Amino acid sequence: MTTIPLQAYLILALILFCIGLFGALTKRNTIIVLICIELMLNAVNLNLVAFSQLGNNPGITGQVFSLFTITIAAAEVAVGMAILIAWYRHKNGVNVDEMDGLKD
Amino acid sequence: MGTLSLLVFSPFIGLIALLLAGKQSDNITKRIAAFSSLIPLILSILVYAQYQAGSGLSEILRWVQFEVGEQTLTLNYELAVDGFSVILILLTTIIAVLAVFTSSWQIKQNSHLFFMLMFLLEFGILGVFSADNLILFFIFFEITLIPMFFLIGKWGGTDREESAFSYIIYNGLGSMVLLIAIAAIFVTAGTTNFSEAAEYFRTSNEAGLQLGIAIAFLIAFGVKLPIFPLHSWMVKVHVHAPPALVMIHAGVLLKIGAYGLIKFGVGILPASFTTLAPLIAILGLVNLLYGAYLALVQEELRSVLAYSSISHMGIILLGVAALNEAGIQGAIFQSVSHGLISALFFLLVGILLVRTRTTNLRKLSGLARLTPVLAGFFLVAALAGLGLPGMSGFVSEFTVFLGIFENMPVIGAIGTLGIIMTVVYMLRAILKMTYGTYRNMFGDMNDLGMGELIPATILLICIVVIGVYPNTIALTVQQTLETLLVGIGG
Amino acid sequence: MIEFAWLIPALPLLTFLLLIVLREKLKKASGYVAVLISGITFIVATLVFLQLIDVGNFLMEWSWLTIGSIDISFGILLNPLNGLMLLLVAFISFLIHMYSLGYMDGDQRFSTFFAYLSLFTSAMLGLVMSPNLLQFYMFWELVGLGSFLLIGFYFYKNSAKQAAKKAFIMTRIGDVGLLIGLILLFWQTNSLRFVDIYQAVTNGDMSGGMITLIAILIFIGAIGKSGQFPLHTWLPDAMEGPTPVSALIHAATMVAAGVYLVAVMYPLYMASSLAMMIVAIVGAFTAIYAATIGLVQNDLKQVLAYSTISQLGFMMLAMGVLGYTAGIFHLFTHAFFKALLFLAAGSVIHAVHTQNIKEMGGLNQKLKLTSAVFLIGALAISGFPLFSGFFSKEEILASVWAEGQYGLFIIAIVAAFLTSVYMFRLYFLVFHGESKLTLDKVKPVPMTMKIPMMVLALFAIFSGFFNTSWFGTYIADFLEEGATYLEGIHHGSSIWLMLLATVVSLGGIALAYLIYVKNALNQENWKTSGTYQMLLNKYYMDEFYDNTFVKGSRGIGLGFQYVEKYFVRLIILFIGDLVTTFSRTGSKSQTGQAQTYTAVAFLGLVLFAAVYMLKGGY
Amino acid sequence: MDIQTLLSFEWGMMAPEFTILIVGILLSLLDLFGKDTWKKSLPWLAVGGVGVAIIFLLFQYGHGDISILGNTYVFDSFAFYFKLILLIATLLILLMVISRTVQQEVRDRGEYLYLLLAALLGGMMVASGGDLISLFVGLELLSLSSYIMVGLRKRDVRSSEGAMKYLINGSIATAFTLFGMSYVFGLTGSTKLVDIAREMSGSLGSGEPVAIIGFIIMFVGLAFKISTVPFHMWTPDVYEGAVTPVSAFLSVVSKSAGFIIIVRIFWGIFGNATFGGSDTLFATMIDFIAVLAFLTMFIGNLVALRQRNMKRLLAYSSIGHAGYILIPLVSLTPVSLENIWFYLLAYAFMTIGAFMVIYILEQQKQSEDISIFTGLYRESPALAIIMTIFLASLAGIPGTAGFIGKFNIFVGAVAADPAQYILAGTMAVMTVVSYIYYFNIMVQMYIRKPQLEGTTKIARLQSVPLILCVAGTIGLGVFPFIALNFFH
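Structure, rendered in structure tokens:
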């Protein structure tokens, strides 16, 4: 079985990260924005795992790291959803571009 | 605590007394302020006497240490005075007493806060003149900013807030430039003590850095002095601040610029100042003539005096540029002399404002008719300002020109045009007010009362004493002069 | 007695202080106090002078200003020259104090007037006793102050205000020359003492060019003070002051200080023929220039003022042609007869309350004494034989001739001729002809005014005999005693010169008589002529100055005002605007859109990376 | 890792963290199950906990460097001093929370407390983190707690909005940080800082670009926390949306934690990484960070000029201050760390003090506009003078801690090689710009007359944090050597 080179993972992760970032910056729906952020974090996980397996000094650390990342990503979304619900109660909507009450 | 510390912190007695007294009736507040303003005066006379007696006044107390690499930088709380500063201290306390006295009839509201800020200001100024290292100097220098800001902003004239901001911005910039320069000295010389820093730079050969620091000094003190084109704030302050405050401002605060230029500029970096001397001379010339010609066309007495101050500060610059004994002594004399004269002027302006509510030259005329004594004092102040022999202004102008002619006769010759212009604008302004026909616009005016006459007379006596027998202060500054001259190599 | 010489300036100073502080309390008495003290001053001065004749020289010094290694002193110097001046000033001052008692009677600021007068006297006495140039300069300025205060005594009059200002400024211009000169001199000789300066000149410590430069600069000071062309315009205006002031300051003493200055610095001038030449030319030109103006003026005091300028020109001319004693002698005699003329004019004005000679006439009926003393003064100034002016003026002419300056000699002769013409024009118009004033307007002249006039009249007649080739050259001998550098430049006079002077003087008087008494010439014809208008308008010098220097200065001031408004302020405004713009832009970009915020951050990252790559080459 | 090794660790070094953890858990339990009567004393429990933690920490003064748990927890002097700042700042903020007089949302009170403690714990973990994972977890603990705290005022739409913005921006920043970390991990194969530093100190070779990308991306992610330009834009909105104590917390504790992690990672790792032969990687990046410092000072202070909302104003001012603190970061002199530490300490006192004054006025006047200060000197001279002290310190007037902090930074910038004259100059100019808005507040307090006559009273509880902050501000200004000697 030929191993897929490390670069391939890295490029995939990079693409994933960029897609996530693009979505996070452009989508109106807050939930999609949150999902896109998840996408970015998953790109990180991909990186970590790939490095863990194929990097300079392969080891388990990268995978452990990615576990932490997943957990925290989950927590982030949970908090995000909670806040969004509070917002929804006020504005009856989930569009991120409507959040412009605070500005100069 | 030595006498000097006692002196520097003595204004706090008044401040605390006022604080403890709380908001009393106006009269009590004023009485407390007046009496406590005498304490620094008494102490400063004591300091002067001790200095004359030759007893050491310096104090030192370790304060902060920095370790930069193998270097340990120490900041001390150290006070000391030399001939120049002891005279300026005396000037400060005298003018402060008079300003407090005169403000008691000028300040109608919130006198409680006013006097507290005045004492804070006096504290800062005394500290500036007593500090023996640059950091301490800077700290006191900055401390003067805050009370000045409020005093201008709260009790000033029409554009008081704008003037206050203009004051704080210009002086803030100046002091920040100073701070960088001080930091640079601190780091390179490892000390900020005046004499130690001077010693260091005498032997070091970092010419570029020294020149940079010298230019920074020139800018920083140039704001304070002020040097064209950094003068706008000062005109505003002169015009819009309460006259009692301008007594201190024009009388003492501007002198910090001269003091700094002479003591740090020439004292610490004589070599760079020799390089800069032509520039300083030209700046001085510009100040002298620019101020004089502008003073000629002003329609407001206080603007005339403001530009006149700029013009007179040009003379200080010329003296500094001369970099010889006569020039520097002249600059020192001019600092003291201009301090006294402008204090007298603004004392009179305050007196006038109480009566007429305006100092517009178009509105004033023939004041000598109803208030001959006030008019007489104005005239005398003008004569002092234009350098009439027998008054302090002459001695300083003569000495400066004596100095500048040795090194830069051409600059000196052009500068003498300023002497002529001074006469022209001074007489124009003062004669416009006091001479001519009296137009009855202000109703009945009383001439000076005792409370006004005495402060004015005290200032006048100081001016005349220095003018008639300049050795009263000349002998005191000789030691400073010698120290400076060693640096210049003259 | 001579040790108490310091009392001479101190006493009038005391009067000044006393009167200025107690002017409300003393009121009328202040006049008597002033007269009394000035009398004492005169007595002290006389005693000192008498002792000085024996002693010859006297010097007292105190350290005054220490500047590092430089030590400037203050002191008293007495020598023949300033001893003579001292006496002269103290004497005339005393007389004029007395005269003022009557003249100023009833004035609201009676005490103030005497205070100012005393201040001036003090300064003038201090001036002549100065042992060094700086002290000289200081008193020089202080006499200017006295003059200023007294010219502007009627402060409520706009013209007085302007005149006072002008006097101060014009003389200040000259003073600056003096100041530069003395500073340059200091750096040449390292001293300001007269003796050291003489020494330096004698030793040849200074280059010739430098001596000339300094001499000319110092002469500029003299020009200013002595009303020489081109700084003369203040002197006629100075007549705005009360007349006793004109007599004391603007005729007898202060204006002569310029001549005195040249005399004091004489060694310096002697070392530079160019400087001497300039002094002579300026003097001669001023003499004829002022005389021509004096011919047509209609204000009594103005004519006298121009006459003063002209006479001062004579003195300068004398100085410029090595006629040291002649110049001082003329100063001496001029002090008496010009003071006399002014006092006489003052009593006329006091009596008739006008200064316009066109409104006067026939006053010799009403003011007999005044008319007589005026005539004496006029004869003296015209150089009528045996009057004091005759001797001094003749000596000046002799000096000019002896130096071989024939051009200047002719000018001097013409000027002398014009002097008699305008003086007698004045005399005839004021005291002869028909009276144009209603008689009841004429007030009697009080005794306090008469006595000084009579005393001065005596001196105007006889003071010439102090220095004649007939009876002895006392003054010249005395002066030369104290000034060794004057040896061997004595100009003897000759009979033909005396005759010439007499002819010139009589000719002038005769011409005036023909024109103004006999009306031999049609005066109306001139009045339209350009020359007449030019003379009447004083060669348009005032207008010239007004349009150039005064307007010019104001123009520069206004120009700077523009710089202030549009350059300095604009820079500030620009910076202010810049700050505001940045501030507003920064604030506007804060839209409230969370995604924009991150987008900006991401953009920052991209820029960050891009710049890095461009720079680092990755 | 057997039980033996586990026990052999010096667990005592973690006593402050454990204290906070235990008190935090206790608080949450008591808040959930405790009686209402107890709830009043809950805040005091929190204060006591932080106090005890401070005492524990102080006992560790002078303790040698150790690391436990396989180098994931490091105790060194750096950790000690910065933890102290976090604890002191949190203590002050807790006192601020307690002092609340208007009790709008009583039910939230307990939550604030344990969230604060959780965030504090996160910050402390960051200070002691020796491993990318522990650093990251600590940072996220801090961030997540902060998101919730900002959003806790559920009934206020501004609170939710602020929280949402904070969360979106913060999460993206986290993603960036992690992405960068993943590269660093990939390059060295380790998450332990010591190992990474060791790996990087050798020649990176072809790894250099990766290291640089890692550096840049990570820096961007972390710059968000300290709100430097251009990653600052969330700051004012979030500060405005949060309740004032939380704003103060974000402005002080969260920002300090940001600086801590930046110093840890960038000096620790990249400061050792050789680059292009001679320089360290960090040294090559100095110019870029310097540009950021410049922009941060510039924009923070200039935009602050236009603010009328006090919290926004302080938000911009805090951006400006972050710019100042970046200067010692790039100066790289032996005093840099000391300067950062001192400035953060001074900044904690003066900023919390200023927020406290705003908090007091905001509760009485129901407004955050600058006009709440109008005529304050008449209404309450003491409060006006106290505010003046904080403002003076923020503006860097001598006699206050802010001045010493700024002066130190100047000295450091000038002493650096090459000397950072441009940054020092910018700081100088921007300090003067900051005078305008600080002094404008003073103008409001002293010179303007109040629209409505009334008195403002300081409650006894409110005076406690005020006095502490004043003491800190003045004390550090007049006797800076106490703190500086302590640091050595």
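Protein chains in written order, with the working numbering: chain S, 21 to 124; chain Y, 9 to 498; chain D, -13 to 604; chain Z, -2 to 485.
C-beta atoms are modelled at their ideal positions from N, C-alpha and C, and glycine is treated no differently.
As the structure is a computational prediction, the values presented were derived from the model and not from experiment.
(message) Within the continuous alpha helix (DSSP H) that includes I55 (chain S), where are the two ends?
(response) Sequence index remark: in the first sequence, residue 55 (chain S) carries index 35 (1-based). Per DSSP, I55 (chain S) belongs to the alpha helix (DSSP H) from 50 to 74.
(message) Please tell me whether Q576 (chain D) has its Cβ less than 8 Å away from any Cβ of chain Z.
(response) Your numbering for residue 576 (chain D) matches position 590 in the third sequence. With 8 Å as the cut-off, Q576 (chain D) counts as an interface residue toward chain Z.
(request) Label N65 (chain D) either buried or exposed according to how many other C-beta atoms from any shown protein chain fall within 10 Å of its C-beta, with 16 as the threshold for buried. (result) Sequence index remark: in the third sequence, residue 65 (chain D) carries index 79 (1-based). It counts as buried.
(request) For my contact list, L375 (chain Y) and A383 (chain Y) are in at a C-beta cut-off of 8 Å; report their separation, rounded to the angstrom. (result) For the purposes of this step, residue 375 (chain Y) is taken as residue 367 along the second sequence, with counting starting at 1. For the purposes of this step, residue 383 (chain Y) is taken as residue 375 along the second sequence, with counting starting at 1. The C-beta distance from L375 (chain Y) to A383 (chain Y) rounds to 5 Å, short enough to meet the 8 Å contact threshold.
(message) Checking the sheet assignment: what are the DSSP bridge partners for M46 (chain D)?
(response) Counted from its first residue, the third sequence places residue 46 (chain D) at position 60. Beta-bridge pairing links M46 (chain D) to D:I62.
(request) Grab me the residues of M121 (chain Z)'s own chain with a C-beta within less than 8 Å of its C-beta, minus the 5 sequence neighbours each way, in chain order. (result) Within the fourth sequence, numbered from 1, the residue matching residue 121 (chain Z) stands at position 124. Result list for M121 (chain Z): P13, E14, I17, K80, L83, L84, G135, in chain order.
(message) Less than 8 Å between CB atoms is the rule here; does M307 (chain Z) satisfy it with respect to chain D?
(response) Counted from its first residue, the fourth sequence places residue 307 (chain Z) at position 310. It does not; no Cβ of chain D falls within 8 Å.
(message) For a quick check, are the C-beta atoms of Q201 (chain D) and L326 (chain D) less than 8 Å apart?
(response) Working through the third sequence from its first residue, we reach residue 201 (chain D) at position 215. Working through the third sequence from its first residue, we reach residue 326 (chain D) at position 340. Here the sequence assigns Ala to residue 201 (chain D), which means Gln is not the residue at that position. Result no, Cβ atoms of A201 (chain D) and L326 (chain D) do not sit closer than 8 Å.
(request) For V71 (chain Z), write down the residues that DSSP places opposite it in a beta bridge. (result) Position 74 of the fourth sequence holds residue 71 (chain Z). The partner list for V71 (chain Z) (beta bridge, DSSP) reads Z:S64.
(message) Please confirm whether M178 (chain Z) has its beta-carbon closer than 8 Å to some beta-carbon of chain D.
(response) What you label residue 178 (chain Z) is simply residue 181 of the fourth sequence in a count that begins at 1. No, no contact with chain D.
(request) Scan the region 550 to 579 of chain D for residues whose Cβ lies nearer than 8 Å to a Cβ of chain S and list them as they occur along the chain. (result) S573, K574, Q576, T577, G578, Q579
(message) Can you tell me which residues form a DSSP beta bridge with D234 (chain Z)?
(response) Working through the fourth sequence from its first residue, we reach residue 234 (chain Z) at position 237. Answer is none; D234 (chain Z) lacks a bridge partner.
(request) Tell me where the alpha helix (DSSP H) around T424 (chain Y) begins and ends. (result) Numbered from 1 along the second sequence, position 416 holds the residue referred to as residue 424 (chain Y). T424 (chain Y) -> alpha helix (DSSP H) spans 417 to 442.
(message) For chain Y, check one thing: does any of its Cβ atoms lie closer than 8 Å to the Cβ of Y604 (chain D)?
(response) Position 618 of the third sequence, counted from the start, is the residue given in the question as residue 604 (chain D). Residue confidence for Y604 (chain D) is low, a pLDDT of 49 falling below 50, so the modelled location carries little weight; the figure read from the coordinates is stated next. So no, Y604 (chain D) is outside the interface.
(message) Taking CB distances under 8 Å as the criterion, tell me whether A595 (chain D) reaches chain Z.
(response) Sequence index remark: in the third sequence, residue 595 (chain D) carries index 609 (1-based). Interface residue, yes.
(message) Please report whether the beta-carbon of I283 (chain Z) lies at a distance below 8 Å from any beta-carbon of chain D.
(response) Residue mapping note: residue 283 (chain Z) aligns to position 286 of the fourth sequence, counting from 1. I283 (chain Z) does not count as touching chain D.
(message) Would you say Y396 (chain Z) lies against chain Y (beta-carbon separation less than 8 Å)?
(response) Here residue 396 (chain Z) corresponds to residue number 399 of the fourth sequence, with the count starting at 1. First, the residue type needs correcting, since residue 396 (chain Z) is Gly and not Tyr in the sequence shown. True, the Cβ-Cβ gap to chain Y drops below 8 Å.
(message) Taking 8 Å as the threshold (C-beta atoms), are L144 (chain Y) and Y208 (chain Y) in contact?
(response) One-based indexing of the second sequence puts residue 208 (chain Y) at position 200. One-based indexing of the second sequence puts residue 144 (chain Y) at position 136. Contact check for Y208 (chain Y) against L144 (chain Y) fails: the beta carbons are separated by 8 Å or more.
(message) Mapping the DSSP letters down to three states, classify D366 (chain Z) as helix, strand or coil.
(response) As a working mapping, residue 366 (chain Z) is identified with position 369 in the fourth sequence. Residue state, collapsed to three classes: strand.
(message) Could you compute how far the alpha carbon of L493 (chain Y) sits from the alpha carbon of I340 (chain Y)?
(response) Numbered from its first residue, the second sequence carries residue 493 (chain Y) at position 485. Numbered from its first residue, the second sequence carries residue 340 (chain Y) at position 332. Rounded to the nearest angstrom, the two C-alpha atoms are 14 Å apart.
(message) Within 8 Å, do at least three Cβ pairs link the region 290 to 301 of chain Z to the region 571 to 578 of chain D?
(response) yes
(request) Label Y552 (chain D) either buried or exposed according to how many other C-beta atoms from any shown protein chain fall within 10 Å of its C-beta, with 16 as the threshold for buried. (result) By one-based count along the third sequence, residue 552 (chain D) stands at place 566. Y552 (chain D) should be labelled exposed.
(message) Which residues does DSSP list as the beta-bridge partners of A139 (chain Y)?
(response) Walking along the second sequence from the start, residue 139 (chain Y) turns up at place 131. Looking at the DSSP output, A139 (chain Y) shares a beta bridge with Y:L87.
(request) Starting from E226 (chain D), follow its DSSP beta bridges and name the residues at the other end. (result) Locating residue 226 (chain D) in the third sequence gives position 240, where the first residue counts as 1. Paired residues: none, contrary to the question.
(request) Let me know the secondary structure DSSP gives N284 (chain D) once reduced to three states. (result) Taking the third sequence and counting its residues from 1, the one referred to as residue 284 (chain D) is at position 298. For N284 (chain D), the three-state secondary structure derived from DSSP is coil.
(message) Quick check: is the beta carbon of M230 (chain Z) nearer than 8 Å to any beta carbon in chain D?
(response) Within the fourth sequence, the letter at position 233 stands for residue 230 (chain Z). Yes, M230 (chain Z) counts as interfacial toward chain D.
(message) Is the beta carbon of Q37 (chain D) closer than 8 Å to that of M71 (chain D)?
(response) Taking the third sequence and counting its residues from 1, the one referred to as residue 71 (chain D) is at position 85. Taking the third sequence and counting its residues from 1, the one referred to as residue 37 (chain D) is at position 51. Cβ distance not < 8 Å, so M71 (chain D) and Q37 (chain D) don't count as in contact.
(request) For R445 (chain Z), name the three-state secondary structure that DSSP assigns. (result) Taking the first residue of the fourth sequence as 1, we reach residue 445 (chain Z) at position 448. Annotated three-state conformation of R445 (chain Z) is coil, per DSSP.
(request) Report yes if the C-beta distance between F588 (chain D) and L26 (chain S) is below 8 Å; otherwise report no. (result) Walking along the third sequence from the start, residue 588 (chain D) turns up at place 602. Walking along the first sequence from the start, residue 26 (chain S) turns up at place 6. Not in contact: F588 (chain D) and L26 (chain S) (Cβ atoms no closer than 8 Å).
(message) Does the contact criterion of 3 or more C-beta pairs under 8 Å hold for the region 98 to 107 of chain S versus the region 78 to 86 of chain S?
(response) Under the Cβ criterion (8 Å, minimum of three pairs), the region 98 to 107 of chain S does not count as touching the region 78 to 86 of chain S.
(request) Please classify V38 (chain S): is it buried, with 16 or more other beta-carbons within 10 angstroms of its beta-carbon, or exposed? (result) In the first sequence, counting from the first residue as 1, residue 38 (chain S) sits at position 18. Note that residue 38 (chain S) is Cys in the sequence shown here, rather than Val. The residue is exposed, with fewer than 16 neighbouring Cβ atoms inside 10 Å.
(message) Just verifying my parser: in three-state terms, what is the DSSP assignment at T293 (chain Z)?
(response) The count along the fourth sequence starts at 1 and reaches residue 293 (chain Z) at position 296. Assignment of T293 (chain Z) by DSSP, reduced to helix, strand and coil, places it in the helix class.
(message) Taking the straight line between their C-alpha atoms, what separation do you get for P48 (chain Y) and F285 (chain Z)?
(response) Locating residue 48 (chain Y) in the second sequence gives position 40, where the first residue counts as 1. Locating residue 285 (chain Z) in the fourth sequence gives position 288, where the first residue counts as 1. Looking at the two C-alpha atoms, the distance is approximately 53 Å.
(message) Rounding to the nearest angstrom, what Cα-Cα distance links V103 (chain Z) and D366 (chain Z) in this structure?
(response) Taking the first residue of the fourth sequence as 1, we reach residue 103 (chain Z) at position 106. Taking the first residue of the fourth sequence as 1, we reach residue 366 (chain Z) at position 369. Note that V103 (chain Z) has pLDDT 46, beneath the 50 cutoff, so the model's placement of it is unreliable and the number below is only indicative. Straight-line Cα distance between these residues: approximately 25 Å.
(message) Shorter than 7 Å, the distance from the beta carbon of F53 (chain Z) to the closest heavy atom of the ligand GTP, or not?
(response) In terms of ligand content, the structure shown is empty, and the ligand GTP therefore cannot be addressed.
(message) Tell me the DSSP secondary structure of R365 (chain Y) in three-state form.
(response) For the purposes of this step, residue 365 (chain Y) is taken as the residue at position 357 of the second sequence. Looking at R365 (chain Y) - three-state DSSP - the assignment turns out to be coil, as it is neither helix nor strand.
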